[in-house]
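For reference, the structure discussed in these notes is given below.
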Amino acid sequence: MGIAKRQIWIVDFGSQYTQLITRKTRELGHSSEILTLEEAAERWKKGDLPECLVLSGGPQSVSEDDYDYSMFLNGPKDLPILGICYGMQIMGKFYGGNVEKGIKGEYGQTTILFKDEHQLPNCPKRLSVWMSHFDHVAVAPSDFEVILESDNGFIAGMKHKSRPVMGLQFHPEVEHTDHGKDLLRYFYEDIGKLERD
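Using our numbering, read the sequence shown as starting at 1010 and increasing by one per residue.
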């Protein structure tokens, strides 16, 4: 019996919020499935690719992670990829940015603001979001532009200049994040060009 195709794969790195990513994704009208990194890699090697890939948050540090993510991150150029928290740090490191071990982390409610040219039509310039990280992307990769910054001066969101790839340092899937669903919709539909199913 063949594998049931899911539009969006959510790769679980151990975040307590992974189930919420799936719920919010389905509320937006997109089917999704949670996979471990090993399950995702096994399917990928068999040629069973998703229409979109989400890398979840997790408690690890990218400085101690030696997994080779090139299979995913150097995959099809039109594959939408969203990195959330730890997932964004994976992207930052892989694509040549600078990820630093934090001297101070950001936990709980934090205010972030859009760079002027990236503000979404249905969102205010400043948002209250839920952060849960210690490491952070200190310098975005050269192929990325910073779209959101926190009041603490950290990069809170970045987007690839030509590919449908985006990273968010906060958790858009939790209720504590203002306009989180709007941000997910922006990624899935405006950047990823996914159709609701």
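Virtual Cβ for every residue (Gly too), placed ideally from N, Cα, C.
Measuring straight from C-alpha to C-alpha, what distance separates Glu1036 and Leu1203?
14 Å
Let me check understanding here. Comparing Cα to Cα, which of Tyr1197, Arg1194, Gln1025 lies closest to Tyr1095?
Gln1025
On the CB-based measure, 16 or more other CB atoms within 10 Å of its CB, does Met1167 come out buried or exposed?
buried
Which residues mark the beginning and the end of the beta strand (DSSP E) in which Glu1073 is found?
No beta strand (DSSP E) contains Glu1073, which DSSP labels as neither H nor E.
Just curious, the beta strand (DSSP E) that Glu1042 is in, first and last residue?
1041-1045
Inter-stretch contact at 8 Å, needing at least 3 Cβ pairs: the stretch 1114-1134 / the stretch 1178-1194:
yes
Which partner residues does Lys1168 have in the DSSP bridge list?
Glu1154, Met1175
Bridge partners of Cys1132, per DSSP?
DSSP output for Cys1132 lists no bridge partner at all.
Hey, could you find the ends of the alpha helix (DSSP H) Ile1030 is sitting in?
1027-1036
Measuring CB to CB, does Lys1124 end up less than 9 Å from Ile1156?
yes
Sequence-distant residues of the same chain with beta carbon closer than 8 Å to Ala1149, five excluded per side:
Gly1101, Gly1106, Val1155, Ile1164, Met1167
Secondary structure of Asp1021, DSSP reduced to three states
strand
Report the CB separation of Gly1066 from Ile1093 in whole angstroms; it is logged as a contact under 8 Å.
5 Å
Beta-carbon separation of Val1108 and Val1063 under 9 Å?
no
Starting from Gly1096, trace the alpha helix (DSSP H) in both directions and tell me its first and last residue.
1095-1103
Do you know offhand how far Glu1048's Cα is from Glu1126's?
38 Å
Is the CB-CB distance between His1185 and Gln1098 below 9 Å?
no
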